[in-house]
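S.K.:
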Amino acid sequence: MDSFIAQLNALLTDLYHPVSLPGWMLATLLVLVAASLILMAMYVRHNHGLIKDANQELLMANRRLSLATSVAGVGIWEWEKETDTLLWNPVMFRLYGVQPGEPMSIERMRAWILPDDWQQFKSLLGNMESTDRHEITFAIIRESDGSLRYIHAACYWLYTGRKHRLLGTQMDITEEHAAREKVYREAYQDALTLLPNSRALKSQLRLGLEQTAPGRMQGLFFIDLDGFKKVNDTLGHDIGDLLLKGAAGRMRQIIRQQDRVYRLGGDEFVVWIADVPDQDIHVLETIANKLIDTLSKPFQFDEVRAQVSASIGIARYPQQSSDMESLLKAADEAMYLAKRGGKNAFAHYSTPASAASGSPAADAVPE
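Just so we're aligned, residue 761 is where the sequence shown starts under the working numbering, counting upward by one.
Pasting the structure below:
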């Protein structure tokens, strides 16, 4: 535009030069210049209108998006890695219980994310080479009221040529999470003791057996509480229920962190001793003896005293079984051998081949 005006000024200067053009030519040039100016003004005005309309449409689109995300409860966040700049829309502030407009940072977010979930969130922040869609669920402690909330985040990494940006959404799924937990509890948790039930045992044990490494074994204890029926008959079912819950708690305190206790029903429990070197049978026996010792101690409920003992059958995978069903059956058979041997003891299962060769089917070891 400046160049055109400069050229026009030069032309006008020439037109007023002493050696001037004929009148008709001068009139023609002036008409052309006027027409050009009119066309240029129309062009600028037209484009200015287009730009104004585009800006207006963009503003309206942003307002629609903001309204939609607000109504849907969708938080939008963007993090620029190189500058550590974190941007939130208004919904994000509500999700975390923070005053709108407060400066945000990843380090500040870390203070709200539970420690057990921070590692997966941190991995997401470092995975900037991936262009795939990432989804994670994590728990936070909401700043405004201290409540525990579950957040589902979906995001993409974008590279603009010089900077990496993580752009995504977050939603509060606490209610959905609670509903799923309720369904899981009803399907996989014993209502009385809160231990995993038989369905959970079969689901988890099958996977555990498939993952057994060479040179390792899985141990399975089948446990029956001796004398429990007498407690129920003489002291009542309420005391019996308290005893079952107490027994579950004692067993959880004895086993290792990687082991699991399950209630099958009644007074029958299963303990899965996970991932033991295949020659370390003494590890299984040590845990079995500790379980027998803790379960044989009296249970005190106010003025009522109750006492039981435990018979434990021990079976091993893959040495004594080929799958989950045969492992459970072997441990069950060994438990009945322990009972026949005098109760309050454990017994190892032996394969039918061992029994046929003259060895006893199981070795009952009294406490």
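Ideal Cβ positions, reconstructed from N, Cα and C, are used throughout, including at glycine.
Counting beta carbon pairs with one atom in the segment 938 to 956 and one in the segment 1059 to 1071, are three or more of them shorter than 8 angstroms?
M.R.: Touching, no, given that fewer than three Cβ pairs across the two stretches are closer than 8 angstroms.
S.K.: Here's the rule: buried if 16 or more other CB atoms are within 10 angstroms of the residue's CB, otherwise exposed. What is Ala1107?
M.R.: By 1-based counting over the sequence shown, the position of residue 1107 is 347. The residue in question, Ala1107, is buried, as its Cβ has 16 or more Cβ neighbours within 10 Å.
S.K.: With distances taken Cα to Cα, identify the nearest neighbour of Ala960 among Thr972, Tyr944, Leu969 and Ala973.
M.R.: As a first step, residue 960 must be located in the sequence shown, where it is residue number 200. Per the Cα distances, Tyr944.
S.K.: Assuming Trp704 and Tyr856 form a contact by the criterion Cβ under 8 angstroms, report the distance between their Cβ atoms to the nearest whole angstrom.
M.R.: With the chain running from 761 to 1127 in the structure shown, residue 704 is simply not present.
S.K.: Suppose you measure from the CA of Asp998 to the CA of Ala1066; what does that come to, to the nearest Å?
M.R.: For the purposes of this step, residue 998 is identified with residue 238 of the sequence shown, where counting begins at 1. For the purposes of this step, residue 1066 is identified with residue 306 of the sequence shown, where counting begins at 1. Looking at the two C-alpha atoms, the distance is approximately 12 angstroms.
S.K.: So if DSSP puts Arg870 in a beta bridge, which residue, or which two residues, is it bridged to?
M.R.: Mapped onto the sequence shown, residue 870 falls at position 110. Per DSSP, none; premise fails for Arg870.
S.K.: Which whole-angstrom value describes the C-beta separation of Ile896 and Tyr910, a residue pair presumed to lie in contact below a C-beta threshold of 8 angstroms?
M.R.: Counted from its first residue, the sequence shown places residue 896 at position 136. Counted from its first residue, the sequence shown places residue 910 at position 150. 11 angstroms between Cβ atoms; not a contact.
S.K.: With Thr934 as the anchor, note down where its alpha helix (DSSP H) starts and where it stops.
M.R.: Within the sequence shown, residue 934 is the residue found at index 174, counting from 1. Thr934 to Tyr948 is the extent of the alpha helix (DSSP H) around Thr934.
S.K.: List, from N- to C-terminal side, the beta strand (DSSP E) runs of 3 residues or more that fit wholly inside the segment 978 to 1038.
M.R.: With a minimum length of 3 residues, the continuous beta strand (DSSP E) runs that stay inside the segment 978 to 1038 are 1020 to 1025 and 1028 to 1037.
S.K.: Inspect the beta-carbon positions of Met1095 and Ser1110 and report whether they are closer than 7 angstroms.
M.R.: Here residue 1095 refers to the residue found at position 335 when the sequence shown is read from its first residue. Here residue 1110 refers to the residue found at position 350 when the sequence shown is read from its first residue. Not in contact: Met1095 and Ser1110 (Cβ atoms no closer than 7 angstroms).
S.K.: Decide if Ala947 is buried, meaning its Cβ has at least 16 other Cβ atoms within 10 Å, or exposed.
M.R.: Working through the sequence shown from its first residue, we reach residue 947 at position 187. Result: exposed.
S.K.: For Asp1001, collect the residues of the same chain with a Cβ closer than 7 angstroms to its Cβ; drop the 5 residues on either side in sequence, then sort them by chain order.
M.R.: Position 241 of the sequence shown holds residue 1001. Leu952.
S.K.: Below 8 angstroms on the Cβ atoms is my contact criterion, and I expect Ala1105 with Ala1091 to pass it. Report the Cβ-Cβ distance as a whole number of Å.
M.R.: Position 345 of the sequence shown holds residue 1105. Position 331 of the sequence shown holds residue 1091. Not a contact, Cβ separation roughly 15 angstroms.
S.K.: Among Asp1038, Asp844, Gly835 and Asp877, which residue has its Cα nearest to the Cα of Pro850?
M.R.: As a working note, residue 850 is residue 90 in the sequence shown. It is Gly835 whose Cα lies nearest to the Cα of Pro850.
S.K.: So, using beta-carbon positions, are His894 and Leu885 closer together than 7 angstroms?
M.R.: The sequence position of residue 894 within the sequence shown is 134, counting from 1. The sequence position of residue 885 within the sequence shown is 125, counting from 1. Not a contact, by the Cβ cut-off of 7 angstroms.
S.K.: Distance, Cα to Cα, Val1036 vs Gln978?
M.R.: The sequence position of residue 1036 within the sequence shown is 276, counting from 1. The sequence position of residue 978 within the sequence shown is 218, counting from 1. Val1036 and Gln978 have their C-alpha atoms some 6 angstroms from each other.
S.K.: Are the Cβ atoms of Arg966 and Met1084 separated by less than 7 angstroms?
M.R.: Indexing the sequence shown from 1 puts residue 966 at position 206. Indexing the sequence shown from 1 puts residue 1084 at position 324. Yes.
S.K.: Quickly, what does DSSP pair Ser1069 with across the bridge? List them, please.
M.R.: Mapped onto the sequence shown, residue 1069 falls at position 309. Beta-bridge pairing links Ser1069 to Asp986.
S.K.: Would you mind giving the Cβ-Cβ distance between Arg1023 and Asn957, rounded to the nearest angstrom? I have them listed as a contact below 8 angstroms.
M.R.: By one-based count along the sequence shown, residue 1023 stands at place 263. By one-based count along the sequence shown, residue 957 stands at place 197. About 6 angstroms separates the two Cβ atoms, so the contact holds.
S.K.: What are the boundary residues of the beta strand (DSSP E) that includes Gln1080?
M.R.: Position 320 of the sequence shown, counted from the start, is the residue given in the question as residue 1080. Segment: none, Gln1080 is in no beta strand (DSSP E) and carries neither H nor E.
S.K.: Below 8 angstroms, can you find three or more Cβ-Cβ pairs linking the segment 910 to 924 to the segment 985 to 999?
M.R.: Touching, no, given that fewer than three Cβ pairs across the two stretches are closer than 8 angstroms.
S.K.: Would you kindly check if the distance between the Cβ of Asp877 and the Cβ of Tyr898 is under 7 angstroms?
M.R.: For the purposes of this step, residue 898 is taken as residue 138 along the sequence shown, with counting starting at 1. For the purposes of this step, residue 877 is taken as residue 117 along the sequence shown, with counting starting at 1. The residue asked about is misnamed: residue 898 is Phe in this sequence, not Tyr. A contact, by the Cβ cut-off of 7 angstroms.
S.K.: What are the boundary residues of the alpha helix (DSSP H) that Leu968 is part of?
M.R.: Residue numbering aside, residue 968 sits at position 208 when the sequence shown is read from its first letter. Note that residue 968 is Gly in the sequence shown here, rather than Leu. Run containing Gly968: Ser958 to Glu970, per the alpha helix (DSSP H) assignment.
S.K.: Based on the DSSP secondary-structure assignment, which residues constitute the bridge partners of His924?
M.R.: For the purposes of this step, residue 924 is taken as residue 164 along the sequence shown, with counting starting at 1. Answer is Tyr919, bridged to His924.
S.K.: Report the start-end ranges of each beta strand (DSSP E) in the segment 837 to 899 that is 3 residues or longer and not cut off at the edges.
M.R.: 845 to 848
S.K.: Hey, how far is the Cα of Leu1087 from the Cα of Phe982?
M.R.: Reading the sequence shown from its first residue, position 327 is the one you call residue 1087. Reading the sequence shown from its first residue, position 222 is the one you call residue 982. Spanning the two alpha carbons is a distance of roughly 10 angstroms.
S.K.: Run through DSSP, which three-state label would Thr953 get?
M.R.: The count along the sequence shown starts at 1 and reaches residue 953 at position 193. Three-state result, Thr953: coil.
S.K.: To the nearest angstrom, how far is it from the Cα of Lys1103 to the Cα of Phe1029?
M.R.: By one-based count along the sequence shown, residue 1103 stands at place 343. By one-based count along the sequence shown, residue 1029 stands at place 269. If I take the Cα positions, the gap works out to 16 angstroms.
S.K.: Relative to the C-alpha of Val858, which residue among Leu927, Glu840 and Asp905 is closest?
M.R.: Here residue 858 corresponds to residue number 98 of the sequence shown, with the count starting at 1. Across the set Leu927, Glu840 and Asp905, the C-alpha of Asp905 shows the shortest separation from the C-alpha of Val858.
S.K.: Here's the rule: buried if 16 or more other CB atoms are within 10 angstroms of the residue's CB, otherwise exposed. What is Gln930?
M.R.: For the purposes of this step, residue 930 is identified with residue 170 of the sequence shown, where counting begins at 1. Buried.
S.K.: Taking the alpha-carbon positions, what's the Glu935 to Arg868 distance?
M.R.: Here the question's residue 935 lines up with position 175 in the sequence shown. Here the question's residue 868 lines up with position 108 in the sequence shown. Looking at the two C-alpha atoms, the distance is approximately 25 angstroms.
S.K.: Determine the burial state of Ala914: buried for a count of at least 16 other Cβ atoms within 10 Å of its Cβ, exposed for fewer.
M.R.: By one-based count along the sequence shown, residue 914 stands at place 154. By the neighbour-count rule (16 or more Cβ atoms within 10 Å), Ala914 is not buried but exposed.
S.K.: For Gly833 and His912, what's the separation of their Cα atoms in angstroms?
M.R.: For this step, residue 833 is matched to residue 73 along the sequence shown. For this step, residue 912 is matched to residue 152 along the sequence shown. Distance between the alpha carbons of Gly833 and His912 is about 12 angstroms.
S.K.: By the 10 Å Cβ neighbour count, where 16 or more other Cβ atoms means buried, how is Asn887 classified, buried or exposed?
M.R.: Your numbering for residue 887 matches position 127 in the sequence shown. Exposed: under 16 other Cβ atoms inside 10 Å.
S.K.: Rank Gln1079, Gly1006 and Gly861 by C-alpha distance to the C-alpha of Ile1041 and give the top, closest one.
M.R.: For the purposes of this step, residue 1041 is taken as residue 281 along the sequence shown, with counting starting at 1. From the listed residues Gln1079, Gly1006 and Gly861, the smallest Cα separation to Ile1041 is found for Gln1079.
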